[in-house]
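See structure below.
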Amino acid sequence: KRVAVLISGRGSNMAALIAAAKAPDYPAEIALVLSNVPGAGGLAIAESEGIATATIDSKAFPRDREGFERAMQAVLEAQRIDIVCLAGFMRILTPWFVGRWEGRMINIHPALLPAYKGLDTHARALADGAREHGATVHFVTPEMDEGEIILQEAVPVLPGDTAETLGARVLAVEHRIYPAALRMIATEYRLI
Ligand code: GRF
């Protein structure tokens, strides 16, 4: 399966997917890294790994979400992409785009969904006195951070944790479960 990873930033989850996909028995190839932010840190990492990159600057499509998504869709089709992985991709997607990729687009979220959808998950978990936190890989549906859960793993919240220390513990889990979840869906998913 040919996979595109969509990023907006540093791309540490993208890097974890690239590393995992090097295993000879891995059922997916990271064929493309696409950023909506010019110069996103992850682009340089992907380039240094010899992976094709594309930038579609979402700011070049003011108030034109559909135009932005049509541009992305054209690149994904030109690259014959089978599966899309969102990895720190900070754009909300329209039902049109999500529908094009139904069952073939997944996301990593830094919380134990359905708890803490949205942003600032670590600070919110700490503020609530949560004893457990974690990360979730799920299918993307038009509602943000909804969609069937593929894999989820918990970490403890420890005394003295800050959003940074808790976030680092969660990120280590993200880097493990995202490649595992992609392996699962790349194995099971059949081209329609
Ligand atoms: C991760 O915490 C991910 O769960 C969230 O955005 C962050 C992206 O980090 N959706 P990175 O770019 O993968 O390092």
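For what it's worth, full-length UniProt numbering labels the leading residue of the sequence shown as 4, then goes sequentially. By construction, the Cβ of each residue, glycine as well, lies at the ideal position given by its N, Cα and C atoms.
Count the other CB atoms within 10 Å of the CB of R66; is the residue buried (16 or more) or exposed (fewer)? Exposed, by the Cβ-count rule.
Given that a residue counts as buried once 16 or more other Cβ atoms are within 10 Å of its Cβ, and exposed if not, what is Y181? buried
Can the beta-carbon of V158 be found closer than 8 Å to that of R172? Taking 8 Å as the Cβ cut-off, V158 and R172 qualify as a contacting pair.
Could you check if E177 belongs to the surroundings of ligand 1, using beta carbon to heavy atom distance under 7 Å? yes
Could you check whether I188 and I84 sit closer than 8 Å to each other, using their CB atoms as the reference points? no
Looking at C-beta atoms only, is the number of pairs between the segment 48-57 and the segment 116-128 that lie closer than 8 Å three or more? no
Cβ neighbour criterion (16 or more within 10 Å) applied to G14: By the C-beta density criterion, G14 is buried, having at least 16 other C-beta atoms within 10 angstroms.
Would D148 pass as a contact of H112 if the rule is Cβ separation under 8 Å? yes
Can you tell me the Cα-Cα spacing of L194 and V160, whole angstroms? Here the model assigns L194 a pLDDT of 46, short of 50, so the residue's position is not dependable, and the following value carries that caveat. Rounded to the nearest angstrom, the two C-alpha atoms are 41 Å apart.
Quick check: the Cα distance between F142 and G150, rounded to an integer number of angstroms? 5 Å
Give the straight-line distance between the Cα atoms of L169 and A18, rounded to the nearest whole angstrom. Cα to Cα, the separation comes out at about 21 Å.
Using a threshold of 8 Å, state whether the C-beta atoms of I21 and I33 are closer than that. yes
Once you ignore the five residues that flank T190 on each side, which residues in its own chain have a CB closer than 8 Å to its CB? P30
Helix, strand or coil: which one does DSSP assign to P98? helix
Looking at the structure shown, is R134 part of a helix, part of a strand, or coil, going by DSSP? coil
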